[in-house]
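Shown next, in structure tokens, is the structure this report addresses.
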Amino acid sequence: MKTRISVIVWNEFRHERENAAVGAIYPEGLHTTIANALAATPGLNPGALPLDTSTATLDEAEHGLSEARLASCDVLIWWGHKVHNLVDDAVVDQVQKRVLEGMGLIVLHSGHFSKIFRRMMGTNCSLKWREAHEKERLWVVEPSHPIAAGLGEYFELPNEEMYGERFDIPQPDSTVFISWFEGGEVFRSGCCWERGHGRIFYFRPGHEAYPTYHDKNVQRVIANAVQWAAPRVNIVDVCPNAAPLETISPKAGFTNVGITQTKADLV
Ligand code: ZN
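In this text, residue positions in the sequence shown follow the working numbering: the first is 81, and each later residue adds one.
In structure tokens form, the structure reads like this:
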């Protein structure tokens, strides 16, 4: 039984270093802002576990996500935007493997086009967008969902980038938030899926030009999502050829090929 949750906040960490206005909002990178908020408030769900937070960025060796580090990670949070293409496919493979084993994955904002999110979804993950400093109202449409713990009927962000439907994703298992934007569009902005043994949450807000990750409601949602996405199991699937539990009586006309098959025979 786990008593703590290990969280890595991953960021490509380019906008903050290349754009002074973004750097002023997130002087140590938005990953540090998110990690600090999580460490201070680990979620409002009943039974919420304390979090051990750390960060990783694109320019570190293996993007800070070595196999050993991922092996001890319970929940990975992902923010990327302008250099999705620079993420090593071998790291994407490892992250996917860990999600299928049970690790949680939270993908933020422009991470909708990240290699790992598109890999896990299997769709284009495209959407409409517009940068016009619009009000966003996030409606809580599943108030009983653990990710909505402590929130009201809705919350608002005074300025955000617009993302509009159609969002090309597979049908979510749960849609916790739907956003309305000042310009008229709507968007499924809090979506849950299970893949293998792992849980995935996509959360829309977080354009780098706005102080979104300083917002208390946004921080609360991410913390709640970490608690929800924490692994319940850690299982490496191996596709075994299984001996029968009971004696199977011989049947005329059949040879017992099933017992001698190897995985290689089946692919
Ligand atoms: Zn954006």
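Glycine included, C-beta positions come from ideal geometry on N, C-alpha and C.
Exposed or buried, what is residue i when buried is set at 16 or more other beta-carbons lying within 10 Å of its beta-carbon?
i    : result
N204 : exposed
S206 : exposed
C271 : buried
I196 : buried
Q251 : exposed
G184 : buried
V171 : buried
T83  : exposed
P122 : buried
A332 : exposed
P330 : exposed
Thinking C-alpha only, which one of the options is nearest residue i?
i    : options                : result
R300 : K82, I88, N125         : N125
A128 : A119, T135, S134, A136 : A119
R279 : G230, E214, F334, R178 : R178
V167 : T255, R199, F267       : R199
I249 : G184, M201, Y293, Y243 : M201
Y234 : T137, V298, A115       : V298
P291 : H277, F247, N239       : N239
F261 : E245, S254, V155       : E245
V221 : K331, F193, S254       : S254
G49  : W159, R268, I88, M81   : Outside the shown range of the chain, which is 81 to 347, sits residue 49, and nothing can be said about it.
F93  : T135, G123, P122       : T135
H189 : P330, P324, A289, D154 : A289
Measuring straight from C-alpha to C-alpha, what distance separates residue i and residue j?
i    : j    : result
G232 : F257 : 12 Å
E181 : S152 : 12 Å
G103 : D317 : 43 Å
P311 : L237 : 30 Å
K348 : E241 : It is not possible to answer for residue 348, since the shown part of the chain is limited to 81 through 347.
I302 : E326 : 48 Å
V347 : E142 : Per-residue confidence for V347 stands at a pLDDT of 46, beneath the threshold of 50, marking its modelled position as unreliable; the derived number appears in the next sentence. Cα-Cα distance, rounded: 31 Å.
H161 : Y106 : 15 Å
N91  : A322 : 42 Å
I85  : A148 : 16 Å
L218 : V266 : 10 Å
G109 : D139 : 13 Å
H287 : I315 : 35 Å
T137 : N116 : 16 Å
G263 : P285 : 16 Å
L145 : H111 : 14 Å
E274 : Q176 : 12 Å
S259 : M81  : 36 Å
K296 : V313 : 30 Å
C319 : I328 : 21 Å
E98  : S194 : 20 Å
H95  : A101 : 9 Å
F247 : S269 : 9 Å
G276 : D169 : 20 Å
D154 : A309 : 8 Å
Could you tell me how far apart the beta carbons of residue i and residue j are, in whole angstroms, since I believe they sit closer than 8 Å?
i    : j    : result
Y368 : V187 : Beyond the ends of the chain as shown, which are 81 and 347, falls residue 368; an answer cannot be given.
Q307 : P223 : Contact doesn't hold; Cβ gap of about 16 Å is too wide.
R229 : N304 : The question names Arg, but residue 229 in the sequence shown is Ala. Yes, they are in contact, since the Cβ atoms of A229 and N304 sit about 5 Å apart, within 8 Å.
Y243 : T113 : That pair is no contact at about 21 Å.
V87  : D132 : 7 Å
L150 : Q174 : 6 Å
Give a yes or no on whether 8 Å exceeds the smallest Cβ distance from residue i to chain C.
i    : result
D168 : Absent here is chain C; the protein component of the structure consists of one chain.
_As an exercise, report each continuous beta strand (DSSP E) stretch of at least 3 residues that is fully enclosed by the segment 105 to 155, in chain order._
131 to 137
*asked:* Please give the ranges of any beta strand (DSSP E) in the segment 221 to 245, keeping only runs that are unbroken, at least 3 residues long and fully inside the region.
replied: 234 to 244
*Could you give the uninterrupted runs of the beta strand (DSSP E) lying entirely in the segment 237 to 323, keeping only those of 3 residues or more?*
Fully enclosed beta strand (DSSP E) runs of no fewer than 3 residues occupy 254 to 261, 266 to 275, 278 to 283 of the segment 237 to 323, in order along the chain.
*Mind pulling the beta strand (DSSP E) runs of 3 or more residues that sit fully within the segment 154 to 182?*
155 to 159
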